[in-house]
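Peer 1: Per the working numbering: the sequence shown = residues 1 to 399.
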Amino acid sequence: MTNEPKVNIAIPTFNRSDLLRLSLDSALSQDHPDFRVTILDNASTDDTEAVVRSYSDDRISYLKNETNIGQFRNWNRLLEFNESPYLMILQDDDIIHASFLTESIEALESNPTAAFSFTDVSEIDASGNVISDQNQSENFPEGPISGFEYLCRIVAGENLVIHVSSVLMRASALKSVGPFDTPHSRTSIDFNLYFRLAARFDLLFIGENLAQIRRHEGAYHRHAEADTRPLAMLGERMDAAASLLISSRANDAGFRRWLAESLLHLSLQRSEMTSQLLPALNLTEDEKRTISGEEILNLVPRDNSVVVVDDGHFGPDIVADRRVLPFLEHDGMYWGPPADDELAVRELERMRSEGAGYVIFLWPAFWWYDYYHGLRDHLCTKYGCVLSNSRMIAFDLGA
1 MTNEPKVNIA
11 IPTFNRSDLL
21 RLSLDSALSQ
31 DHPDFRVTIL
41 DNASTDDTEA
51 VVRSYSDDRI
61 SYLKNETNIG
71 QFRNWNRLLE
81 FNESPYLMIL
91 QDDDIIHASF
101 LTESIEALES
111 NPTAAFSFTD
121 VSEIDASGNV
131 ISDQNQSENF
141 PEGPISGFEY
151 LCRIVAGENL
161 VIHVSSVLMR
171 ASALKSVGPF
181 DTPHSRTSID
191 FNLYFRLAAR
201 FDLLFIGENL
211 AQIRRHEGAY
221 HRHAEADTRP
231 LAMLGERMDA
241 AASLLISSRA
251 NDAGFRRWLA
261 ESLLHLSLQR
271 SEMTSQLLPA
281 LNLTEDEKRT
291 ISGEEILNLV
301 PRDNSVVVVD
311 DGHFGPDIVA
321 DRRVLPFLEH
331 DGMYWGPPAD
341 DELAVRELER
351 MRSEGAGYVI
361 FLWPAFWWYD
371 YYHGLRDHLC
381 TKYGCVLSNS
391 RMIAFDLGA
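1. Skipping 5 residues on each side, what residues in its chain have a beta carbon closer than 6 angstroms to that of D47?
2. Would you report the Cα separation of I206 and V345, rounded to the nearest angstrom?
3. So, for Y371: in the same chain, excluding its five sequence neighbours on each side, which residues have a beta-carbon less than 7 angstroms away from its beta-carbon?
4. Could you give the distance in angstroms between the alpha-carbon of V164 and the alpha-carbon of I213?
5. Is it buried or exposed, N421, if we count other Cβ atoms within 10 angstroms and call 16 or more buried?
6. Could you compute how far the alpha carbon of S26 sits from the alpha carbon of A50?
7. Pull up the distance between the alpha-carbon of L277 and that of P33, whole angstroms please.
8. Which term fits N135, buried or exposed, when burial requires 16 or more other beta carbons within 10 angstroms of its beta carbon?
9. Just the C-alpha distance for V167 and I145, rounded to the nearest angstrom, thanks.
10. Tell me where the beta strand (DSSP E) around N209 begins and ends.
11. Taking the alpha helix (DSSP H) that Q403 belongs to, which residues open and close that run?
12. Please classify G254 as buried or exposed, where buried requires at least 16 other C-beta atoms within 10 Å of its C-beta.
13. With a CB to CB cut of under 7 angstroms and the five nearest residues on each side skipped, what residues in its chain are close to Y208?
14. Which runs of the beta strand (DSSP E) fall wholly inside the region 28-113 and span at least 3 residues, in chain order?
15. Out of curiosity, what's the CA-to-CA distance linking R222 and A240?
16. Name, in chain order, the residues that DSSP records as bridge partners for S388.
17. Taking 8 angstroms as the cut-off, decide whether the C-beta atoms of M333 and F361 are in contact.
18. Going by DSSP, what residue range makes up the beta strand (DSSP E) through R323?
19. With the cut-off set at 8 angstroms, would you say D181 and S99 are in Cβ contact?
20. Report buried or exposed for T381, applying the criterion of at least 16 other Cβ atoms within 10 angstroms of its Cβ.
21. Helix, strand or coil for F195 per DSSP?
22. Within 10 angstroms of the Cβ of L264, are there 16 or more other Cβ atoms? Answer buried if so, exposed if not.
23. Can you check whether the C-beta of W75 is within less than 8 angstroms of a C-beta belonging to chain D?
24. Could you compute how far the alpha carbon of D109 sits from the alpha carbon of R200?
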């Protein structure tokens with residue numbers, strides 16, 4: 001154990017020898033002197049083994065599975081074999097900057113309460129051309145981040161992406177929470193681990209672009225962005241809320257209420273997504289539209305106008321005999337989703353001042369209620385929610 005290098009750069013791979021060479025080159029180019037590269041070949045049938053063995057470098061360890069055991073089990077084998085204090089998983093089509101290890105290790109050793117660090121990244125195409133830079137500084141402060149606050153933001157609906165190949169993990173923290181798991185989907189095993197770590201430790205953001213994430217048709221994240229991934233991520237967020245529920249902060253009644261409301265909303269979203277994947281499981285679109293129209297008529301007085309947030313699905317025809325306004329609205333026409341929460345709140349208050357008595361989110365726009373969490377918090381704080389079910393969430397703007 002004492003002879004183990006400080007860092008293990010683990011590269012799981014399968015039939016990607018051309019890009020693997022580029023990832024391996026970037027790993028071997030690290031300016032930190034004390035690391036090893038472990039390549040775990042998931043039974044590749046191309047020339048992966050020949051490519052790896054063409055390197056005459058004793059820092060490389062090559063392990064090959066006899067059969068393909070899938071990504072989940074392969075990643076857990078990496079954790080099982082690791083004996084170094086720090087571990088990173090470098091995907092076999094991504095690239096890290098030469099100073100990645102040095103800066104990540106220095107940051108983690110300066111912040112012993114952090115379970116892992118992560119960096120800014122850029123996206124590159126199959127040829128290595130930069131597509132875009134992802135400035136995480138817009139989402140995270142430089143330095144340590146409270147794991148509790150991170151989970152609160154996840155539950156609130158913020159899309160706080162952490163790329164696997166930008167992460168350096170502390171092995172002792174990994175041992176305390178256990179290996180990768182698949183409670184909801186094999187496409188979200190990375191976030192499942194990060195959320196479990198955040199429930200017990202801090203995180204650490206390094207505001208430098210130290211990794212390149214390759215976007216191409218064969219990439220893992222392409223498969224991960226299938227229709228079921230958003231459903232799986234809702235499950236992960238519900239688990240994050242459960243972690244918060246057993247925290248000391250849950251002694252506060254206001255925080256418990258916020259968690260309860262968040263869990264109910266996440267459950268609504270998950271049911272809607274499940275119904276899209278399994279249409280026979282729930283009411284049809286026409287049935288929900290008819291019932292929603294009846295509910296609006298029962299809720300909104302005849303002389304009131306109502307703002308209907310439906311993501312442009314139905315328009316004023318959702319209900320007769322009431323003045324229905326789209327949101328966003330311009331000259332009575334639907335104007336698309338707002339650019340940000342500030343605009344959403346400003347436009348809603350304008351419509352309220354002009355006579356709108358209610359605002360109703362219909363099920364096709366439940367993602368708005370989640371994504372525009374500033375608008376949601378404004379409504380929940382200032383007005384009264386008068387109806388919430390699997391079809392709509394309604395607020396009385398006069399309450």
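Each residue gets a CB set at the ideal place from its N, CA and C atoms; glycine is no exception.
Peer 2: Put simply:
1. Taking the sequence shown and counting its residues from 1, one reaches residue 47 at position 47. Only S17 meet the Cβ criterion.
2. Residue numbering aside, residue 206 sits at position 206 when the sequence shown is read from its first letter. Residue numbering aside, residue 345 sits at position 345 when the sequence shown is read from its first letter. So the two alpha carbons sit approximately 33 angstroms from each other.
3. If you number the sequence shown from 1, residue 371 lands on position 371. Taken in chain order, the residues that qualify are G157.
4. Counting from one through the sequence shown, the residue named residue 164 turns up at place 164. Counting from one through the sequence shown, the residue named residue 213 turns up at place 213. Going from the Cα of V164 to the Cα of I213 covers about 9 angstroms.
5. As shown, the chain starts at 1 and ends at 399. That puts residue 421 outside it, with no answer to give.
6. Here the question's residue 26 lines up with position 26 in the sequence shown. Here the question's residue 50 lines up with position 50 in the sequence shown. One C-alpha to the other measures close to 18 angstroms.
7. The residue labelled residue 277 in the question sits at position 277 within the sequence shown. The residue labelled residue 33 in the question sits at position 33 within the sequence shown. Cα-Cα distance, rounded: 50 angstroms.
8. Start at 1 with the first residue of the sequence shown, and residue 135 comes out as number 135. Exposed: under 16 other Cβ atoms inside 10 Å.
9. Residue numbering aside, residue 167 sits at position 167 when the sequence shown is read from its first letter. Residue numbering aside, residue 145 sits at position 145 when the sequence shown is read from its first letter. If you take the alpha carbons of V167 and I145, they lie about 14 angstroms apart.
10. As a working mapping, residue 209 is identified with position 209 in the sequence shown. N209 -> beta strand (DSSP E) spans D202 to R214.
11. Limits of the chain in this structure are 1 at one end and 399 at the other, which puts residue 403 out of reach.
12. Looking up residue 254 in the sequence shown gives position 254. Exposed: under 16 other Cβ atoms inside 10 Å.
13. As a working mapping, residue 208 is identified with position 208 in the sequence shown. Residue identity differs from the one stated: residue 208 is Glu in this sequence, not Tyr. E103, T119 and D120, listed in sequence order.
14. 35-41, 60-64 and 86-89
15. In the sequence shown, residue 222 corresponds to position 222, counting from 1. In the sequence shown, residue 240 corresponds to position 240, counting from 1. Confidence in R222 is poor, its pLDDT being 45 and thus under 50, which makes the residue's placement unreliable; the coordinate value appears in the next sentence. For R222 and A240, the distance between alpha carbons rounds to 25 angstroms.
16. In the sequence shown, the residue the question calls residue 388 occupies position 388. S388 pairs with I393.
17. By one-based count along the sequence shown, residue 333 stands at place 333. By one-based count along the sequence shown, residue 361 stands at place 361. No, these two residues do not count as a Cβ contact at 8 angstroms.
18. Position 323 of the sequence shown, counted from the start, is the residue given in the question as residue 323. Start and end: R323 to P326.
19. Numbered from 1 along the sequence shown, position 181 holds the residue referred to as residue 181. Numbered from 1 along the sequence shown, position 99 holds the residue referred to as residue 99. No; because the gap between Cβ atoms is not below 8 angstroms, this pair is not in contact.
20. Residue numbering aside, residue 381 sits at position 381 when the sequence shown is read from its first letter. Classification for T381: exposed.
21. Residue mapping note: residue 195 aligns to position 195 of the sequence shown, counting from 1. If DSSP states are grouped into helix, strand and coil, F195 belongs with the helices.
22. As a first step, residue 264 must be located in the sequence shown, where it is residue number 264. By the neighbour-count rule (16 or more Cβ atoms within 10 Å), L264 is not buried but exposed.
23. Judged by its chain identifiers, the structure shown contains no chain D, having just a single protein chain.
24. Position 109 of the sequence shown holds residue 109. Position 200 of the sequence shown holds residue 200. For the record, residue 109 in the displayed sequence is Glu; it is not Asp. Rounded to the nearest angstrom, the two C-alpha atoms are 18 angstroms apart.
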